[in-house]
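Engineer:
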Amino acid sequence: MNDTIRNLHNRALALYKKKQYADAIRLWEKALEVNPEEVEILYSLGLIHFELKKYDQAIDYLERLLELSPGHYKALLIIGTAYIKMRKFDRAEEYIQKSIEINPKQKLAYLNLGAIYSVQKKYDLGIATFEKVLKLYPNEPRAYLGMGKIYALKGDTDRANDYFRKVIELDPNGPLGTYAKKAVTLSTREERSAQDLEQIIALGYRYYLGGYYLDAAQKFAEYLEYRPKDDWVHFLHAESLMRAGEGKKAFLAFKNAILNNPKKGLYYKELAILLDKIGKPQDVLEIIKKAKELGKSDSLVLTLEGKNLNRLDRFEEAAVALKAALKLDKNNLLAHLELAKAYIGLDQPNVAQGHLESILEFPLDSPLKAAADTLMLRSVNPS
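Just so you know, our numbering puts the end of the sequence shown at 1113, numbered straight through with nothing missing.
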């Protein structure tokens, strides 16, 4: 890439980042006038036209690229994905397979290929493809969702539910988790019709998503009369009760979820959140220990650990947990606040002030800013 093309390319990238797409395209096309065989420029034009959903034009640019660089696996993948969007699945499969042959560790390529097989009703190939994703990326929710869809299409409700619930566990509040919650169906082998119970669950979800938590809890409880061993619905029941302010009832519901499936770290994490509001610090720490043993050591869990260690005046241990929380999420304002408390407890007010300033300087409003203000005064005037 000569200096003239590089200058045009950099200017086009800057415009692209500002979403000034027409101007970016104009500069990239000008760069092609200088050298019609510049691979990076052809790739950029193919990519931007793909993002603008101009799939035919995207394919044209990327085919020109492949004439110059046949092993460009990213271009092959984008062409394949464009053909998926155009519902030309045989062509899509051809290009994505070529991309994988060149680079066999592409998560998106396998996910797209699995989706193609699902549409083509090549279910065994689809399952094998999603399994390859999970071998490379064990916590990829899109692969679990793809598996769930295929097993649902095959009529294997129980296995489909297992995969959908895994999606919900990995992406509880995201779009994939929301889709999976709606996709969960019930076994037809039980005494009450699956359709009836599915309607109960669906209504419970609608109430939950709409913020009608007591109504949601009532529906989940109704379902549990017929499926008392369904740990996931016990968990949803507990979540609904907790959000409705029914702490003691939520505690019992969480216990039922754990009783039916004691190996779900998520259940212990959410129980710790509840106990942080209504329980004793030592109880919270015991539950957090179990959550961590089961792989739940995210920033929130570590923050709760530090917060409750602070309550017991175990400031050194609290500082360790809270620093680990901030390493995972530097914008965790509660962790900053609790770490400031720990440092004040350790007679290190200057260090505490740094964390309080992080809260006060945070660009968005937060109720923690008032608490940080108060604590800042204490750290400056400890008497």
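Glycine included, C-beta positions come from ideal geometry on N, C-alpha and C.
The structure displayed is predicted, hence computed values, not measured ones.
Ordered along the chain, which non-local residues of its own chain (more than five positions away) have a Cβ less than 7 Å from that of L1004?
Structural biologist: Around L1004: M972, G977, A980, F981 and F984.
Engineer: Where does N903 fall in DSSP's three states?
Structural biologist: Coil at N903, not helix or strand.
Engineer: Can you tell me where the alpha helix (DSSP H) with K1037 in it begins and where it stops?
Structural biologist: Start and end: S1029 to R1041.
Engineer: Run through DSSP, which three-state label would H802 get?
Structural biologist: It is coil, neither helix nor strand.
Engineer: Taking the alpha helix (DSSP H) that V1014 belongs to, which residues open and close that run?
Structural biologist: That run of the alpha helix (DSSP H) goes P1011 to E1023.
Engineer: Is there at least one Cβ from chain D nearer than 9 Å to G977's Cβ?
Structural biologist: Absence of chain D from the displayed structure is noted, only one protein chain being present.
Engineer: Could you tell me which whole alpha helix (DSSP H) segments of length 4 or greater appear in the region 1032-1106?
Structural biologist: List check, alpha helix (DSSP H) in window: 1045-1058, 1063-1075 and 1079-1090.
Engineer: Among K1071, E1068, N1061 and A1072, which residue has its Cα nearest to the Cα of E1091?
Structural biologist: Cα-wise, what sits closest to E1091 is N1061.
Engineer: Let me know if R736 comes out buried or exposed under the rule of 16 or more other beta-carbons within 10 Å of its beta-carbon.
Structural biologist: Exposed.
Engineer: Using DSSP with H/G/I as helix, E/B as strand and the rest coil, what is R957?
Structural biologist: In the structure shown, R957 sits in coil (DSSP, three-state: anything other than H, G, I, E or B).
Engineer: Mind reading off the beta-carbon distance from I809 to L782? Whole number of angstroms is fine, and I expect it under 8 Å.
Structural biologist: Going by Cβ atoms, the distance from I809 to L782 rounds to 15 Å, so no, they are not a contact pair.
Engineer: Give the DSSP-derived three-state secondary structure of R794 in the structure shown.
Structural biologist: DSSP places R794 in helix when its eight states are reduced to three.
Engineer: Since A754 contacts I778 with CB under 8 Å, what's their CB separation in whole angstroms?
Structural biologist: Right, their Cβ atoms sit about 6 Å apart.
Engineer: Using the rule of at least 16 other Cβ atoms within 10 Å of the residue's Cβ for burial, across every protein chain shown, is G904 buried or exposed?
Structural biologist: Answer is exposed; the Cβ neighbour count stays below 16.
Engineer: So is Q850 buried or exposed if we call it buried at 16+ other beta carbons inside 10 Å?
Structural biologist: The residue in question, Q850, is exposed, as its Cβ has fewer than 16 Cβ neighbours within 10 Å.
Engineer: Considering only their Cβ atoms, is the gap separating L775 from K760 smaller than 9 Å?
Structural biologist: Taking 9 Å as the Cβ cut-off, K760 and L775 do not qualify as a contacting pair.
Engineer: Helix, strand or coil for M972? Go by DSSP, reduced to three states.
Structural biologist: Correct three-state label for M972: helix.
Engineer: Would L996 and P902 be called neighbours here (beta carbons separated by less than 9 Å)?
Structural biologist: Yes, the Cβ-Cβ distance between L996 and P902 is below 9 Å.
Engineer: For Y803 and Y825, I'd like the C-alpha separation in whole angstroms.
Structural biologist: Straight-line Cα distance between these residues: approximately 9 Å.
Engineer: Give, in chain order, every unbroken run of the alpha helix (DSSP H) that is at least 4 residues long and sits entirely within the region 847-915.
Structural biologist: List check, alpha helix (DSSP H) in window: 853-866, 871-883, 887-900 and 905-913.
Engineer: Determine, using beta carbons only, whether Y773 and L807 come nearer to each other than 9 Å.
Structural biologist: Their beta carbons are not under 9 Å apart, which means Y773 does not touch L807 by this criterion.
Engineer: For G878, which residues from the same chain have a beta carbon less than 6 Å from its beta carbon, with the 5 sequence-adjacent residues on both sides left out?
Structural biologist: Counting only Cβ-Cβ distances below 6 Å, and skipping sequence neighbours, we find A890, Y893 and F894.
Engineer: On the three-state DSSP scale, how would you describe Q836?
Structural biologist: Coil at Q836, not helix or strand.
Engineer: Which value, in whole angstroms, describes the spacing of the CA atoms of Y785 and Y813?
Structural biologist: Roughly 8 Å between the two C-alpha positions.
Engineer: Apart from the five residues just before and just after E857, which ones in its own chain have a Cβ nearer than 7 Å to its Cβ?
Structural biologist: The displayed chain sequence assigns Ile, not Glu, to residue 857. So the list reads M877 and I880, once near-sequence residues are dropped.
Engineer: What separation, rounded to the nearest whole angstrom, lies between the Cα atoms of L1039 and K1007?
Structural biologist: So the alpha carbons of these two residues sit roughly 15 Å apart.
Engineer: CA-CA distance, K1108 and H1066?
Structural biologist: Per the sequence presented here, residue 1108 reads as Arg, with Lys not at that position. Each residue's alpha carbon lies about 16 Å from the other.
Engineer: By Cβ distance, which residues of its chain are closer than 6 Å to E952, with the 5 residues on each side in sequence left out?
Structural biologist: Around E952: I930.
Engineer: Would L954 and D945 qualify as a contact pair, given that the criterion is a beta-carbon distance under 9 Å?
Structural biologist: Taking 9 Å as the Cβ cut-off, L954 and D945 do not qualify as a contacting pair.
Engineer: Taking Cβ to Cβ, would you say L875 is nearer than 9 Å to T908?
Structural biologist: No.
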